[in-house]
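See structure below.
Numbering (this note's numbering), first residue to last: 29 to 133.
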């Protein structure tokens, strides 16, 4: 007859391939590192100092997170195991790269 509808108590189980998840994590890490370096160079050229430079870094990382989520068509659980992967992974490594290129003479 018609298609059966799932009851609200049933949960969908999403299976993630470990190799694909690892590849997606590498992509996030490389994207954040690359954009941190570019952001550091831009912050240095624009002459941002002190707190302004760090605010610029957080802005760059927020834009990066939105861009990565948009690339995944906001269907994060199809590509990653949690939202934290998109929002936080590679954040500190990116900060170190940003500061290096921001302060390099």
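We put the CB at the ideal spot given by N, CA and C, even for glycine. Just so it is clear, the structure is predicted and the values come from calculations on it, not from any experiment.
Residues of its chain near residue i, where Cβ-Cβ distance is below 8 Å and the 5 sequence neighbours each way are ignored
| i | result |
| --- | --- |
| residue 101 | none |
| residue 117 | 53, 56, 57 and 60 |
Cut-off 6 Å between Cβ atoms - residues of its own chain near residue i, not counting five sequence neighbours on either side
| i | result |
| --- | --- |
| residue 94 | none |
| residue 68 | 126, 129 and 130 |
| residue 115 | 93 |
Cβ-based neighbour list, residue i, same chain, cut-off 7 Å, excluding 5 preceding and 5 following
| i | result |
| --- | --- |
| residue 107 | 52 and 100 |
| residue 71 | 81, 84 and 130 |
Residue i - containing alpha helix (DSSP H), residue span
| i | result |
| --- | --- |
| residue 115 | 111-115 |
| residue 91 | 79-99 |
| residue 73 | 46-74 |
| residue 122 | 119-131 |
Reference residue i, options the options, closest by Cα
| i | options | result |
| --- | --- | --- |
| residue 90 | 123, 132 and 128 | 123 |
| residue 119 | 46, 73 and 85 | 85 |
| residue 121 | 46, 132 and 65 | 65 |
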